[in-house]
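Visitor: Chains as they are written, first to last, in the working numbering: chain A, 1 to 220; chain B, 1 to 265.
Every residue gets a Cβ at the ideal spot worked out from N, C-alpha and C, and that includes glycine.
Since we're looking at a predicted model, the values are computed, not measured.
Please read through the structure below; I'll follow up with questions.
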Amino acid sequence: MGKLTLENISMIYHTLQSETKTLDNINLTVKDGEFVVIVGPSGCGKSTLLSIIAGLIKPTSGEIYLDDKIISYPCNEIGYMFQKDTLFEWRNIYKNITLGLEIRKELRKENIDFANSLIDKYGLSSFKNYFPSQLSGGMRQRVALIRTLVLNHEILLLDEPFSALDYHTRLLVADEIYRIIKAEGKTALMVTHDISEAISLADRIIVLSSRPAKIKRYLI
Amino acid sequence: MINNTPSKEHLEYIEKIKRRNILITLTRILILIIFIAQWEITARLNIVDPFLVSQPSRIAKTFFKLLEEGHLLRHTYVTCIETVIGFISGTIIGTLIAIILWISDFINKVLEPYLVVLNALPKIALGPILIFWVGNGQPAIIIIALTISLIVTIISVLTGFNDVDEDMIKLVKTFGANKYQILKYVVLPHSLPTIISTLKINVGLSWVGVIVGEFLVAKEGLGFLIVFGGQVAQLDMVMLSIIILSIIAYIMYAIVSKIESLFIK
């Protein structure tokens with residue numbers, strides 16, 4: 001078995017008018033250190049799948065295993081990166097990066113040192129006291145990634161992290177973030193609707209059908 | 001700035017803007033002077049009835065007379081304090097209630113129609129009832145000022161709370177944040193500009209509440225001076241109070257704007 005395993009995950013959304021099946025029996029295993037990309041049409045439930053893995057919503061049925069054990073939430077091993085960088089405009093770059101530590105009350109010396117080492121390593125040290133609005137889109141996305149990495153999760157979930165960037169920046173940032181994730185030895189699960197992006201980044205690609213999403217094909 | 005020695009064109013540009021600003025200020029002052037002068041002259045020549053519209057020199061005379069008697073500062077002070085207490089407590093209590101409504105969606109939904117009705121109700125209509133409840137005095141005035149700003153504060157601050165990007169909340173949830181931490185790290189700082197702009201609106205509303213309250217119950221304050229002056233047919237006193245009122249209201253608004261600019265970069 002792998003690092004992260006999804007077993008028979010199904011999701012049904014209820015409204016007063018109807019119920020909608022968004023995920024239909026998803027089975028999937030991600031190996032340690034692997035970069036897996038899920039592609040599928042817009043609105044097929046890719047983001048829902050990530051939210052389920054992150055524990056933000058409960059699936060209607062199915063189980064998630066981390067290192068062969070049923071996962072329990074809140075889970076410290078899983079980090080989540082969004083489409084938008086969601087940096088906090090009222091905090092400077094350093095405070096944005098250490099936000100996770102602050103919320104978890106883990107502002108200990110070794111964690112702060114680790115944060116600083118990441119900041120230095122990925123060229124943000126001269127921007128520590130800047131505010132997000134002073135940074136370019138690509139740089140903001142890098143800050144968002146470092147903010148996630150600081151918590152030293154084993155698994156990163158990436159929800160179309162480049163879709164808000166313009167084409168040129170997107171190529172650069174995608175490449176950069178891929179390198180950072182590989183360099184830090186993280187297991188990553190990314191969703192996107194951009195097939196070329198998937199091909200250029202993934203160790204393995206999983207194709208989802210349109211709603212209700214089923215796994216259509218595994219590509220290696 | 002591109003370099004340290006600005007070009008001739010740039011200096012000319014700055015000069016032009018400066019001149020324009022000076023011209024605007026001068027014109028403003030000129031309008032004021034002309035207005036006061038024509039008021040004084042038409043009153044002296046009996047073109048307008050000085051009893052009805054008063055006149056600047058009589059207002060000035062009343063000003064110094066009241067100042068000498070020592071009442072004027074007291075009246076102004078009382079009104080100011082009531083207003084400040086009114087808008088600050090309105091903003092704080094309103095924000096606290098908004099926080100409760102944000103925490104519990106159930107309470108929020110239950111209270112929604114009541115808030116809409118209370119918002120539509122002209123709060124001044126409650127004045128006479130409030131006087132019976134809390135007595136004929138300063139507390140009644142402050143509570144009238146408070147009720148006027150309270151509901152507006154609740155509604156606009158809550159709108160600010162619900163305006164927060166869902167992804168930001170999701171993000172801190174993945175960090176393991178509880179409801180209190182979401183409030184502290186995301187919702188409150190994100191809504192600070194809304195809260196402060198509400199404070200600004202409340203300054204104006206609080207003045208309305210305090211003056212109406214003083215009309216109803218007061219024994220001192222500028223609102224009392226206005227009513228008293230009207231009753232004893234001393235329109236100089238009424239005019240003077242209104243002038244003081246507008247100057248102080250402006251200063252208070254300017255202070256709150258200044259505070260706003262400190263918080264919002």
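Where T91(B) and L205(B) are concerned, what is the direct C-alpha to C-alpha distance, given to the nearest angstrom?
Guide: Roughly 11 Å separates the two Cα atoms.
Visitor: For I177(A), which residues in chain B fall below 9 Å Cβ to Cβ?
Guide: The contacting residues do not exist; I177(A) stays about 17 Å from chain B at best.
Visitor: Out of A249(B), D236(B) and I243(B), which has the shortest C-alpha to C-alpha gap to K65(B)?
Guide: Closest option to K65(B), Cα to Cα, is D236(B).
Visitor: Of all the options A145(B), E12(B), L171(B) and A37(B), which has the alpha carbon lying nearest to the alpha carbon of I93(B)?
Guide: Nearest option by C-alpha distance: A145(B).
Visitor: Would you please verify whether the beta carbon of L99(A) is less than 8 Å from any beta carbon of chain B?
Guide: True, the Cβ-Cβ gap to chain B drops below 8 Å.
Visitor: Using DSSP bridges, identify the partner residues of D159(A).
Guide: D159(A) pairs with V191(A).
Visitor: Are any of the Cβ atoms in chain C nearer than 8 Å to that of K18(B)?
Guide: Looking for chain C here will not work: the only protein chains present are A and B.
Visitor: Can you look up K46(A) in the DSSP assignment and give me helix, strand or coil?
Guide: Residue state, collapsed to three classes: helix.
Visitor: Can you name the residues of chain B whose CB is closer than 7 Å to the CB of K84(A)?
Guide: Here the neighbours are D167.
Visitor: Roughly how many angstroms lie between the CA atoms of I151(B) and N119(B), to the nearest whole one?
Guide: Computed Cα separation, rounded: 6 Å.
Visitor: Taking K179(B) as the reference, which of A60(B), R44(B), I243(B) and S104(B) has the closest Cα?
Guide: For K179(B), the nearest C-alpha among the options comes from S104(B).
Visitor: State yes or no: is the beta carbon of F175(B) nearer than 8 Å to at least one beta carbon in chain A?
Guide: Taking Cβ atoms only, chain A reaches closer than 8 Å to F175(B), which makes this a yes.
Visitor: Measure from the C-beta of A188(A) to each C-beta in chain B and report whether the shortest distance is under 8 Å.
Guide: Cβ-Cβ to chain B under 8 Å: no for A188(A).
Visitor: For the segment 89-123 of chain A, list every residue whose C-beta sits within 9 Å of some C-beta in chain B, in sequence order.
Guide: Result list: E89, W90, R91, L99, G100, L101, E102, I103 and R104.
Visitor: How big is the Cα-Cα spacing for I242(B) and V157(B)?
Guide: Taking the straight line joining both Cα atoms gives about 32 Å.
Visitor: Give me the Cα-Cα distance between V30(A) and I181(A), rounded to the nearest whole angstrom.
Guide: Cα-Cα distance, rounded: 15 Å.
Visitor: Could you please give me the residues that DSSP links to G79(A) through a beta bridge?
Guide: For G79(A), which the question treats as bridged, DSSP gives the partners L156(A).
Visitor: Give the residues of chain A in contact with L262(B), contact being defined as C-beta atoms less than 9 Å apart.
Guide: Those do not exist, as L262(B) stays about 13 Å from chain A at its closest Cβ, beyond 9 Å.
Visitor: My assumption, with CB atoms under 8 Å, is that Q141(A) sits in contact with D85(A). Please give the rounded CB distance.
Guide: The Cβ separation is near 5 Å, so the contact holds.
Visitor: Who are the near neighbours of V78(B) in its chain, counting only those whose CB is closer than 6 Å to its CB and skipping five residues on each side?
Guide: Contacts found: E220 and G221.
Visitor: Taking I82(B) as part of the alpha helix (DSSP H), name the residues at either end of that continuous run.
Guide: Looking at the sequence shown, residue 82(B) is not Ile but Glu. That run of the alpha helix (DSSP H) goes H71 to I103.
Visitor: Looking only at its own chain, which residues have a Cβ that is under 7 Å from the Cβ of Q138(B), when we skip the five neighbours before and after it?
Guide: If we look at Q138(B) and ignore the five residues flanking it on each side, its Cβ neighbours are E82.
Visitor: In the DSSP assignment, what are the bridge partners of I26(A)?
Guide: Answer is I9(A).
Visitor: I155(A) and K58(A): beta carbons closer than 8 Å?
Guide: No, Cβ-Cβ distance for I155(A) and K58(A) is not below 8 Å.
Visitor: Just the Cα atoms here: how many angstroms apart are V150(A) and N111(A)?
Guide: Between V150(A) and N111(A), the C-alpha separation is close to 8 Å.
Visitor: To which residues does DSSP link I70(A) through a beta bridge?
Guide: DSSP, once it has assigned bridges, lists Y65(A) as partnering I70(A).
Visitor: If the criterion is Cβ atoms closer than 8 Å, does the pair I259(B) and I196(B) meet it?
Guide: For I259(B) and I196(B), yes; Cβs fall inside 8 Å.
Visitor: On the three-state DSSP scale, how would you describe L4(A)?
Guide: If DSSP states are grouped into helix, strand and coil, L4(A) belongs with the strands.
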